[in-house]
Every structure is written in C-alpha cells, then in structure tokens.
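>
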Amino acid sequence: MTIRLTCLPRCLPDHIIDELVRTGVAANRATLSVMLPRRWPAGGIRLTVGFLDGASADLRARIVSHMNAWAKSANVSFVETRGQAQVRIAREGGDQGGYWSYLGTDILHIAKTEPTMNLEGFTMATSEGEFKRVVRHETGHTLGFPHEHMRRDLVALIDREKAIDYFGRTQGWTREEVEQQVLTPIEDSSLLGTPRADSNSIMCYEIPGKITKSGKPIAGGVDIDDLDYEFAASVYPK
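For the sequence shown, numbering that gives the first Met the number 0 gives the first residue as 0, with consecutive numbering after it.
#1: Leaving out five residues on either side along the sequence, give the residues of the same chain with a beta carbon under 6 Å from the beta carbon of residue 46.
#2: Can you give me the start and stop residues for the beta strand (DSSP E) that residue 165 sits inside?
#3: Quick one: complete beta strand (DSSP E) runs, 3+ long, within the stretch 102 to 135?
#4: Spell out a yes or no on whether the stretch 218 to 227 and the stretch 195 to 209 are touching, meaning 3 or more CB-CB pairs, one atom from each, closer than 8 Å.
#5: Taking the alpha carbon of residue 206 as the reference point, which residue from 184, 148 and 63 has its own alpha carbon closest?
#6: May I ask which residues mark the beginning and end of the alpha helix (DSSP H) holding residue 231?
#7: What does a CB cutoff of less than 6 Å around residue 232 pick up in its chain, not counting 5 residues either side in sequence?
#8: Counting Cβ pairs, one atom from each stretch, are 3 or more of them under 8 Å apart for the stretch 60 to 69 and the stretch 103 to 110?
#9: Going by beta carbon distance, what residues of the same chain come within less than 8 Å of residue 154, once the five residues before and after it are set aside?
#10: What residue does the alpha helix (DSSP H) around residue 151 start on, and which one ends it?
#11: Per DSSP, which one or two residues make a beta bridge with residue 87?
#12: How long is the line joining the alpha carbons of residue 221 and residue 128, rounded to whole angstroms?
#13: What would DSSP say about residue 147, mapped onto helix, strand or coil?
#14: With distances taken Cα to Cα, identify the nearest neighbour of residue 61 among 51, 123, 160 and 44.
#15: What span of residues does the alpha helix (DSSP H) with residue 178 cover, start to end?
#16: For residue 208, which option in 167, 146, 93 and 156 has the closest C-alpha, if you only look at C-alpha atoms?
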C-alpha cells in the first residue's frame, strides 16, 4: 500500500510569537491562537501568489486554479504575481519538505523570502485527484481553516498509542508531533465552526480504522465538500 504524505501545518517561529506578545497583539504565548485570530477580514480576501522555484507557467496556473476552487462559494481570490507575493509556494523536499502551510494571517509574519506553503514534488504529471486533495487543503489553511480531525468529537475516536505508532511509521513523526497534529483537540473557544465536525471535509485527515477505538475509519476528505463550501461562504460571504 502506498502511504500518502500528510499535511503538517507550520507554526510561527518563537521569535515572532515573542514579539507579538511583547507588543500586546497577544496576551501571552499560551493564548496566542485565541488572541491572534487567523481569520482574514470577513469582507473578502484577495491574496497574491508567487512561486519560489521556477515552476512552469502551466503548473503555476493549475495550482492557482485549484486554490480558487474556494471562490465557488466564498468571497476569496488568489492571483499570481511576479512581484512580492503574500502566498509564496515552494516544492521543497528534505527537512523542509512535505505538504504544509501557515494558518491564515500568520503568513503575513513570515520573512518575505520564505515560503508560506509547500507542495513537495508537484508537477504537471501529478494526478488531478492529488491537486484537489492537497492544493485545496493547503489553501484552506491559508484561509485560516484548521484541521477538522482535531475537533474534539473526532479526536475522541482515536486510540492514542496506536496513532503514535502509525504516524511514526508512515510519516516519520515523533510522539510530540503526533500529539500536536492529531491527538490534541482544538479548544472550542478558539473555533468559529459548524456545530459538529465534518469527517468528509477537505480539512479532515483520513484516519484508518486500525487506529480508532471502534475499528471504524474516519473517511477524511479528498475534495471540498458541500459543508466546506457552506462554511467558507459563512466566514467570507460574497
């Protein structure tokens, strides 16, 4: 069985968090996710997109097209620029590789020479299904949407030790990374979300039955679903 790369969202560097705390933008480090909203202004978003590694014109256009899939229901727009971009995409491997994005307005605090999103190994030969699953997911993070599987009711379904073993073997994650990315539920007070978690959301991991308490899998999303579109429209209404 082929193991697909899993998204590992990026957090702001410590020195930036310290500066935000010092200047009063956040009350303290522990409450940053509540005190520093990742959501963009509700009036709508128009973000510029740049590519850091010489991607071909057809690949750049294809990626931006999938980013704009969210515009079907929401007042959001992504536009490629050759100037200084707000969303900066790389396709790095190694220590900086994998699939990841900073969350929402966090991208504004990243050095302008550094990527805010990574799509390791993406080329025009990458399948359309992967473009939908990965590019649209990472763009959801750029819009400020966290992982849906970290909602409290879905985390409660996962067997902790089995998850640590599974993600350690398939993704190379440490115990701490699994705890952070899968097993620690997002505080309800920091969420603007639907009443119940959507296990078919593009923002939800596929969780195999072998690591759930019941043995039943959490389906996860392979594309933006109807509830995703409805929620995006409520956050960024047209």
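For glycine and all other residues, C-beta sits at the position ideal for the given N, C-alpha and C.
With the given structure in hand:
#1: 77, 85 and 86
#2: Here residue 165 belongs to no beta strand (DSSP E); instead the alpha helix (DSSP H) covers 159 to 170.
#3: 116 to 118
#4: yes
#5: 148
#6: 225 to 234
#7: 72 and 73
#8: no
#9: 148, 181, 182, 183 and 184
#10: 151 to 154
#11: 49
#12: 8 Å
#13: helix
#14: 123
#15: No alpha helix (DSSP H) contains residue 178, which DSSP labels as neither H nor E.
#16: 156
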